[in-house]
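Novice: Please read through the structure below; I'll follow up with questions.
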Amino acid sequence: MTVKRQRNAFASLRTPCAGRGSEGVSLKAKVFIPIIIVAALAGEGYYHFVYLPRHRPPLAIAYVMPRTLEVLNTPAQVRVRVATLDRHDMVEIVNIYGPWREIRLPGGNRGWVRADGLMDSSTYHAGQLLATKVGHLTAQAAGHTLTQMGLRVEPSRRAPLLAELRNGQVLRIFGRRVVGPASLAPMPSEVWYLVQAGAMAGWVRGRLVSLDIPPAISMYAEDVNLVAWITLQTVPDDGREVPEYLTADRGYEAPCDFTHIRVFTWSVKTQQYVTAYVRGGLCGFFPITTEKKDGVPYFWLRLKDAKGREYEQAYKMLDTIVRPAGTIEGWGPSAAPAAYHALASMRARRRMQPESLADRRSPLQLRERG
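Sequential numbering of the sequence shown, starting at 0, is according to numbering that gives the first Met the number 0.
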């Protein structure tokens with residue numbers, strides 16, 4: 000009996016404790032389970048509305064075309080500017096809405112811009128290739144735009160735009176191409192120039208460009224259609240350096256880039272330009288290439304004869320005397336100077352070798368004259 004009472008006493012002591020423990024577990028569950036649910040929902044919301052928009056693969060890569068481009072918070076009528084981009088800045092397109100593009104900015108922020116302010120990746124890289132190309136060429140002339148105009152990746156009105164050039168934009172001209180009409184309509188052919196405008200390069204319509212002939216030789220261009228002028232060298236005169244020019248002009252109906260060349264040297268005694276060399280009856284094409292080797296100016300003309308044979312004619316200028324220096328069959332990729340000098344070096348070495356070696360012909364097929 001005594002043992003039974005003791006068991007009941009112990010049981011009565013354990014029961015309240017167990018009840019309090021159950022209440023403690025229930026209270027913790029009521030507190031922490033909602034917190035866990037809220038945290039899970041917040042994490043899911045962050046993933047869908049913050050992380051994914053910042054890390055979702057873009058629809059396309061694009062580059063800014065104008066000098067500056069405003070980024071807006073919305074394409075709606077009531078909007079505010081959130082950022083300003085500079086020309087050639089890269090952006091990621093993540094959404095398309097009519098003429099608007101939603102873009103992702105560096106850092107993950109997003110905004111909206113008009114589609115006509117962007118150029119696609121292929122157009123941008125084509126423009127970069129053109130800029131690299133003209134960087135290795137000799138400028139044939141200089142001028143400026145007569146109106147606002149498009150700089151295009153190809154000599155065609157349908158070619159993608161690289162930039163909109165302002166009225167009066169200064170240009171350096173490197174090439175010329177005559178393009179027929181883009182349709183069957185009876186339209187005349189158009190002349191296009193390959194130009195450099197600042198750090199950009201591309202094609203513009205020739206009739207919207209005015210050539211800026213140097214004032215010192217402008218009087219010699221009054222009766223001719225001057226299309227190119229290149230400085231061969233400068234000569235000192237009373238503390239200043241005066242340029243000596245190679246010029247090229249073209250008959251107005253000629254299918255070539257130029258038909259006539261002239262070299263002007265400076266006379267310190269008479270203080271005027273003197274014609275040192277003249278040659279006409281040509282059918283030449285840009286670019287005219289120049290180089291100085293051991294202080295001697297050289298220039299190369301890309302020519303085509305009456306039978307359509309393409310060749311390059313080399314000239315060298317010794318003081319005020321200009322002489323033909325040789326020809327190279329075909330038109331190389333602006334490599335005539337290197338080819339000529341390599342051949343001249345080869346011939347110099349041959350003069351020091353046995354006749355059996357000197358009888359071999361050069362693969363460049365250069366025929367030296369004079």
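Just so it is clear, CB atoms sit at the ideal spot from N, CA and C, and this is done for glycine as well.
Could you check the C-alpha separation between A141 and R109 for me, to the nearest Å?
Specialist: Your numbering for residue 141 matches position 142 in the sequence shown. Your numbering for residue 109 matches position 110 in the sequence shown. Going from the Cα of A141 to the Cα of R109 covers about 42 Å.
Novice: With distances taken from CA atoms, which of F257, L225, R206 and Y123 is nearest M199?
Specialist: If you number the sequence shown from 1, residue 199 lands on position 200. It is Y123 whose Cα lies nearest to the Cα of M199.
Novice: Along the chain, where does the alpha helix (DSSP H) containing L129 start, and where does it finish?
Specialist: Locating residue 129 in the sequence shown gives position 130, counting from the first residue. S120 to V133 is the span of the alpha helix (DSSP H), which, as asked, contains L129.
Novice: Which stretch, first to last residue, makes up the alpha helix (DSSP H) that contains I216?
Specialist: Here the question's residue 216 lines up with position 217 in the sequence shown. Start and end: P214 to S217.
Novice: Kindly indicate which residue of A220, N94, R261 and A125 has the alpha-carbon position closest to the one of R113.
Specialist: Numbered from its first residue, the sequence shown carries residue 113 at position 114. When only C-alpha atoms are compared, the closest one is N94.
Novice: Rounding to the nearest angstrom, what Cα-Cα distance links G325 and K291 in this structure?
Specialist: Numbered from its first residue, the sequence shown carries residue 325 at position 326. Numbered from its first residue, the sequence shown carries residue 291 at position 292. If you take the alpha carbons of G325 and K291, they lie about 16 Å apart.
Novice: Have a look at T83 and L170 and give me their C-alpha separation to the nearest angstrom.
Specialist: Start at 1 with the first residue of the sequence shown, and residue 83 comes out as number 84. Start at 1 with the first residue of the sequence shown, and residue 170 comes out as number 171. Their Cα atoms are separated by approximately 27 Å.
Novice: Rounded to whole angstroms, what's the CA-CA distance from V277 to R103? Just pull it up for me.
Specialist: Counting from one through the sequence shown, the residue named residue 277 turns up at place 278. Counting from one through the sequence shown, the residue named residue 103 turns up at place 104. Their backbone Cα atoms lie some 60 Å apart in a straight line.
Novice: How should F31 be labelled, buried or exposed, when 16 other C-beta atoms within 10 angstroms of its C-beta is the threshold for buried?
Specialist: Your numbering for residue 31 matches position 32 in the sequence shown. Exposed, because fewer than 16 other Cβ atoms sit within 10 Å of the Cβ of F31.
Novice: In the DSSP assignment, what are the bridge partners of K268?
Specialist: Looking up residue 268 in the sequence shown gives position 269. The partner list for K268 (beta bridge, DSSP) is empty, contrary to what the question assumes.
Novice: Could you work out which residue in I287, G329 and E252 is closest to A227 when comparing CA atoms only?
Specialist: As a first step, residue 227 must be located in the sequence shown, where it is residue number 228. When each option's Cα is compared against that of A227, the closest is I287.
Novice: For the beta strand (DSSP E) that L68 lies in, which residues bound it at each end?
Specialist: If you number the sequence shown from 1, residue 68 lands on position 69. From DSSP, the beta strand (DSSP E) with L68 extends over T67 to L71.
Novice: Going by the CB atoms, is the gap between V63 and R100 shorter than 7 Å?
Specialist: The sequence position of residue 100 within the sequence shown is 101, counting from 1. The sequence position of residue 63 within the sequence shown is 64, counting from 1. No.
Novice: Return helix, strand or coil for G325, following the three-state DSSP convention.
Specialist: By one-based count along the sequence shown, residue 325 stands at place 326. In the structure shown, G325 sits in a strand (DSSP, three-state: E or B).
Novice: For Q312, write down the residues that DSSP places opposite it in a beta bridge.
Specialist: Start at 1 with the first residue of the sequence shown, and residue 312 comes out as number 313. In the DSSP output, where bridge partners are listed per residue, Q312 has L300 and T326.
Novice: Given W299, which residues of its chain have a CB within under 6 Å of its CB, disregarding the five upstream and five downstream residues?
Specialist: Position 300 of the sequence shown, counted from the first residue, corresponds to residue 299. T288, E311, A313 and A335, listed in sequence order.
Novice: Name the DSSP beta bridge partners of I95, please?
Specialist: Position 96 of the sequence shown holds residue 95. Answer is R100.
Novice: Select from A305, G331, Q147 and E243 the residue whose C-alpha is nearest the C-alpha of M316.
Specialist: Mapped onto the sequence shown, residue 316 falls at position 317. Among A305, G331, Q147 and E243, the Cα nearest to that of M316 belongs to E243.
Novice: Please report the distance separating the alpha-carbon of S25 from that of L40.
Specialist: Taking the first residue of the sequence shown as 1, we reach residue 25 at position 26. Taking the first residue of the sequence shown as 1, we reach residue 40 at position 41. Using only the alpha carbons, I get a separation of about 23 Å.
Novice: Rounded to the nearest angstrom, what separates Q76 and V70 at their Cα positions?
Specialist: To locate residue 76, count along the sequence shown from 1; it is residue 77. To locate residue 70, count along the sequence shown from 1; it is residue 71. Their backbone Cα atoms lie some 14 Å apart in a straight line.
Novice: Starting from M148, trace the beta strand (DSSP E) in both directions and tell me its first and last residue.
Specialist: Reading the sequence shown from its first residue, position 149 is the one you call residue 148. Start and end: M148 to R151.
Novice: Give me the residue from M118, W202, I260 and R156 with the minimum Cα distance to G174.
Specialist: Locating residue 174 in the sequence shown gives position 175, where the first residue counts as 1. Nearest C-alpha to G174: W202.
Novice: Just verifying my parser: in three-state terms, what is the DSSP assignment at P159?
Specialist: By 1-based counting over the sequence shown, the position of residue 159 is 160. It is coil, neither helix nor strand.
Novice: To the nearest angstrom, how far is it from the Cα of Q127 to the Cα of R165?
Specialist: One-based indexing of the sequence shown puts residue 127 at position 128. One-based indexing of the sequence shown puts residue 165 at position 166. One C-alpha to the other measures close to 20 Å.
Novice: Mapping the DSSP letters down to three states, classify L207 as helix, strand or coil.
Specialist: Residue numbering aside, residue 207 sits at position 208 when the sequence shown is read from its first letter. If DSSP states are grouped into helix, strand and coil, L207 belongs with the helices.
Novice: With DSSP as the reference, label D85 as helix, strand or coil.
Specialist: Looking up residue 85 in the sequence shown gives position 86. DSSP places D85 in strand when its eight states are reduced to three.
Novice: Does the distance from the C-beta atom of A162 to that of L150 stay below 7 Å?
Specialist: Residue mapping note: residue 162 aligns to position 163 of the sequence shown, counting from 1. Residue mapping note: residue 150 aligns to position 151 of the sequence shown, counting from 1. Going by C-beta atoms, A162 is nearer than 7 Å to L150.
Novice: Using the Cβ count rule (16 or more neighbours within 10 Å means buried), how would you classify W111?
Specialist: Sequence index remark: in the sequence shown, residue 111 carries index 112 (1-based). With 16 or more Cβ atoms within 10 Å of its Cβ, W111 is classed as buried.
Novice: Consult DSSP for L245 and reduce its assignment to one of helix, strand or coil.
Specialist: By one-based count along the sequence shown, residue 245 stands at place 246. Three-state result, L245: strand.
Novice: Can you tell me whether Q270 is buried or exposed? The criterion is at least 16 other CB atoms within 10 Å of its CB, across all chains shown.
Specialist: For the purposes of this step, residue 270 is taken as the residue at position 271 of the sequence shown. Under this definition Q270 is an exposed residue.
Novice: Please report how far the alpha carbon of A347 lies from the alpha carbon of D293, in whole angstroms.
Specialist: Within the sequence shown, the letter at position 348 stands for residue 347. Within the sequence shown, the letter at position 294 stands for residue 293. Residue confidence for A347 is low, a pLDDT of 44 falling below 50, so the modelled location carries little weight and cannot support an answer.
Novice: On the DSSP bridge list, what partners appear for A59?
Specialist: Position 60 of the sequence shown, counting from 1, holds the residue named residue 59. Per DSSP, I92.
Novice: Go through its chain and collect everything with a Cβ distance to R78's Cβ below 7 Å, but skip five positions before and after it.
Specialist: For this step, residue 78 is matched to residue 79 along the sequence shown. The answer, listed in chain order, is L71 and N72.
Novice: Do L281 and T246 have their C-beta atoms closer together than 7 Å?
Specialist: Sequence index remark: in the sequence shown, residue 281 carries index 282 (1-based). Sequence index remark: in the sequence shown, residue 246 carries index 247 (1-based). No, the pair does not count as a contact, with Cβ atoms beyond the cut-off.
Novice: Given a threshold of 16 other Cβ atoms within 10 Å of its Cβ, counted over all protein chains shown, does D248 qualify as buried or as exposed?
Specialist: For this step, residue 248 is matched to residue 249 along the sequence shown. That one is buried.
Novice: On the criterion of 16 or more Cβ atoms from any shown chain inside 10 Å, does D256 qualify as buried, or is it exposed?
Specialist: Position 257 of the sequence shown, counted from the first residue, corresponds to residue 256. Classification for D256: buried.
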